[in-house]
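All remarks here apply to the structure that follows.
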Amino acid sequence: MVWLVIIAAILLMIAPVMWLKPSARQRRIAPLRNAAAKAGIKVVTEKPPLHGISTPMPGYRWAYPADAPGPRFLLVRASEASAVLKPCAADWRWRIEPLRSLPEAAWLPLEALLTRLPQDALVVESNEYAITLWWWESQTAERFLTYVDDFRQLRNALAGHADQAGGKRAFGTGALPE
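Last residue of the sequence shown: 1086 in this note's numbering, with the numbers rising by one and none dropped.
Below is the structure:
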């Protein structure tokens, strides 16, 4: 009987340690997020710009330079979008189209990305600050790093093509144009 009490006490001491052990998903995502951080990508977990989804979703952000804001647009995978939305490329639809047409140099990397992105990539969003990929992180770090150059090329092609030419950013986010 004493041995049972001792074993129960030991198990009670070990139980909290087991709760701290990372899950299989956490062990898979940690190298992915570390590789993204090393590549200069900011990873956020926020509510995505999707209708009907209120749970936080990982977003991988490539920031535009402060002096060259990007255009505002929102692309949604067709499986998550209404059929009335205008098709863009591959299996993607425009939820918000850019006010001015995208530069020709941006179309090639954009189309390449849209055809290659995994099925759990649901949204590609651009605003004046960054371009963001909203996805459920289904791939390994090595596979994800194959998209980084295309996203950089897209970001560089879109930088400076804001919807409002010469427009100023929100307070405290950059110098005013002269």
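Beta carbons are placed, not taken as given, at the ideal position from N, Cα and C, and that holds for glycine.
Taken through DSSP and simplified to helix, strand or coil, A923 comes out as helix. Take H959, set aside five residues on each side of it, and no residue of its chain has a beta-carbon closer than 8 Å to its own.
Around the beta-carbon of E1033, 16 or more other beta-carbon atoms lie within 10 Å, marking it buried.
Assignment of Y968 by DSSP, reduced to helix, strand and coil, places it in the strand class. With a cutoff of 7 Å on beta-carbon distance, L940 and F1059 are scored as not near each other. With respect to the 7 Å criterion, Y968 and L912 are not classified as neighbours on the basis of their beta carbons. Here the C-alpha atom of A938 lies approximately 34 Å from the C-alpha atom of A916.
A contact is defined here as three or more CB-CB pairs under 8 Å, and the stretch 1020–1031 meets this definition with respect to the stretch 984–1003. Here A1049 really is in contact with A943; their C-beta atoms are around 4 Å apart, less than 8 Å. Rounded to whole angstroms, the gap between the alpha carbons of W970 and M926 is 36 Å. Excluding the 5 residues flanking it on each side, C996 has same chain C-beta neighbours closer than 6 Å at L983 and W1002, in chain order. Within the same chain, Cβ atoms closer than 8 Å to the Cβ of P1011 are found at A1065, L1066 and H1069, the five residues on either side in sequence being excluded. In the three-state reduction of the DSSP assignment, V992 falls in the coil class. By the criterion of a C-beta distance shorter than 6 Å, I1004 is surrounded in its chain by F981 and L982, once the five residues flanking it on both sides are discounted.
When secondary structure is reduced to three states using DSSP, W1044 falls in the coil class, being assigned neither helix nor strand.
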